[in-house]
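Under the working numbering, the letters of the sequence shown match residues 7 to 576, in that order. See structure below.
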Amino acid sequence: MTDSTYDAHGGPLISLLVTEDRAALLKDVAFNLPDIVLNDRQLCDVELLATGGFSPLKGFMVRSDFESVLDRMRLQNGTLWPVPICLDVSKARAHRLEAGQSVALRDPEGFLLAVMHVEDIWPVDRQKKALHLYETQDISHPGVSYLFSKTGDYFVGGSLEVLSLPLHFDFKQFRLYPSELRGIYAKMGWNRVVGFQTPNPLHRFQFEMTTKAMRHARANLLLMPVVGMTRPGDFDHYTRVRCFQEVARHYPPDSHVMTLLPLAMRLSGPRDAVLDTILAKNYGCTHFIVGHDHASPGMDKNGKRFYETDRARLVAKKFSDEIGVEIVPFEEIVYLPFEDEYRSVDKVPEGSQTISMTGSDIRKRIREGRRIPEWAAFTEVIDELQKAYPPPRQQGFTVFLTGLSGAGKSTIARVLYSRFMEIGDRPVTLLDGDIVRRNLSSELNFSKEHRDINVHRIGFVASEITKNRGIAICAPIAPYECTRREVRRVIEEYGGFIEVHISTPIEECERRDRKGMYAKARAGLIKGFTGVDDPYEAPEKPELRIDTTHRSPVEAAQEILLFLTKKGYI
Ligand code: PPS
């Protein structure tokens, strides 16, 4: 039931949206079908599949395509495709499905979006996928972390018939689909369009670079802010789109158009660059801007780049003829304060003084409440960012104490609670391990799976408190690095996250044994006790590490308070 159209802009466009009659029929059929409820990432994929952003895909990949994409960046039939687009499900769900049947894909509210005709079900080989797609198994890579901590155990592949696109209530006027954009270009008489995709707000340097790219390509501009899933720590998409709206006023009239891209970025660097070039093609672009660090996942745990500088651009360029889109390099622009001018680095006269600021520098400054100079960002953009991300003194934050049982977390948490209440400028909530276990997680045991659920619940509550500019103090054991990293990611979207490893060694915790639990664990009366016969992964990069062997809880709390003062939170 796919509809393929072709026009001057872009190649064939495959829409998976069915007619009204077919939708009515499928709705009846879906009544008796098993359901799969889509998560945020899968909703993004369905939207891009449905609207033709992912043309020529006609559904979620089957195993042979998946393997072929991992091995050689091509579908089975030889078509260039760099990144697996797969539907992951839990083991329990997979065991109740079989090839040949259909399933109803629903949004989290239960609203029917699509019917999928299942062709293939196979177990996820996380190691292989991580190594082929991301070239690493380091969980500090957000894509790898997602794969190991969030991806279901099985993939389900098959074609889709889409009844309805995922619902959005924000910025509807900017949510333009590939066919609508191609129509706009035709109406405006635009034959050459250069696409620019970014998960960041537009700053002065990007603005200057996009106008240069328009001149270079003699083209109009398609701005594509990514509003699906982006990098941990990125500004929220509402703020970013408001910033884009502000900057858009600075372009010449009728020179550009903006669409919000519902893309769940994989952050696989070079492979993402190829995918984004294909997306640009489907969105009708003739040119596409790719930077040397396109879709970068940030730094690895040793502070090194995951992908070499400029590899993303070179790989996209290698395939640009095959895709049919010309790659425009993202020129590095610097500011010349004396001349009050922006120039490409390679056009700076010898001896001229230059200054520059990256998007990450600006993000860091905003979060720390520091000033952004006007040469780095438009004042309207700075205002928007400061409105959404006030200085630390006005932000909420979470102090996350992690460590073995008996390390001193609860007592330090109680001291901190009293001190914050004394200061009295924000509401304070204490989420101690025991309290949470009693009130929120009473049905959970201490298996890895249940500990993860417990810690995610704590993280969710803390993120809501942080979002509403309060203080959350959490004190669970939280033994797994990957889970703590997820919690950090969720909370840092809204405010501060201060991870404190209470690193008191097990010998000292066991010597104290206030609850008598170590004795029971050693006697075999409690199984799977952290530090005895269950793992504790020490945090790799906590904000603070405090051993309470020779320090009182008051001293430990004081060290945390001093850190918070230094960072401007109190
Ligand atoms: S976790 O791993 O973060 O979900 O644990 P948490 O919710 O913080 O609960 C830890 C407290 O539960 C008691 N307890 C155990 N701890 C570790 N392993 C096992 N098997 C276990 N069974 C019970 C223990 O007293 C912990 O209390 P604290 O306050 O940390 O000493």
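Beta carbons: idealized from backbone N, C-alpha and C, even for Gly. Just so we're clear, the structure is a prediction, and the values are computed from it rather than from any experiment.
- Annotation for residue 380: no beta strand (DSSP E) segment contains it, and DSSP assigns it neither H nor E.
- For residue 484, the Cβ falls inside the 7 Å cut-off from some heavy atom of the ligand PPS.
- In this structure residue 147 is buried. Its beta-carbon is surrounded by 16 or more other beta-carbon atoms within 10 angstroms.
- DSSP places residue 302 in the coil class of the three-state scheme, outside both helix and strand.
- DSSP places residue 215 in the helix class (H, G or I) of the three-state scheme.
- Residue 41: member of the beta strand (DSSP E) spanning 41-43, first to last residue.
- Judged by DSSP secondary structure, residue 233 falls outside any beta strand (DSSP E); it is assigned neither H nor E.
- Under the three-pair Cβ rule at 8 Å, the stretch 442-458 does not count as touching the stretch 397-407.
- In the DSSP assignment, residue 335 is bridged to 296.
- In terms of side-chain proximity, the C-beta atom of residue 528 is found no nearer than 7 Å to any non-hydrogen atom of the ligand PPS.
- With 16 or more neighbouring CB atoms inside 10 Å of its own CB, residue 318 falls in the buried class.
- Across the set 290, 160, 574, the C-alpha of 290 shows the shortest separation from the C-alpha of residue 189.
- As DSSP reads the structure, residue 167 sits in a beta bridge with 121.
- If you ignore the 5 residues before and after residue 69, its C-beta comes within less than 8 Å of the C-beta of 126, 128, 161, 163, all in its own chain and listed in chain order.
- For residue 191, the three-state secondary structure derived from DSSP is helix.
- With respect to the 8 Å criterion, residue 334 and residue 219 are classified as neighbours on the basis of their beta carbons.
- Counting the other CB atoms within 10 Å of its CB gives residue 558 a total below 16, which places it among the exposed residues.
- Within the DSSP secondary-structure output, residue 312 pairs in no beta bridge.
- Taking a C-beta distance under 8 Å as the contact criterion, residue 296 and residue 266 do not qualify as a contact pair.
- Around the beta carbon of residue 277, a 10 Å sphere encloses 16 or more other beta carbons of the protein chains shown; the residue is thus reported as buried.
- In this chain, the alpha helix (DSSP H) harbouring residue 73 covers 69-78.
- Shortest gap from the CB of residue 522 to any heavy atom of the ligand PPS: 7 Å or more.
- With 16 or more other Cβ atoms inside 10 Å of its own Cβ, residue 241 counts as buried.
- Under the 10 Å beta carbon count, residue 510 is surrounded by 16 or more other beta carbons and is classified as buried.
- Distances from the CB of residue 453 to the heavy atoms of the ligand PPS are all 7 Å or more.
- Per DSSP, residue 496 is one residue of the alpha helix (DSSP H) stretching across 487-498.
- Residue pairing by DSSP places residue 203 opposite 230 in a beta bridge.
- Note on residue 246: 16 or more other CB atoms within 10 angstroms of its CB, so buried under the neighbour-count rule.
- When the beta-carbon positions are compared, residue 49 and residue 113 come within less than 8 Å of each other.
- Residue pairing for residue 374: DSSP places it in no beta bridge.
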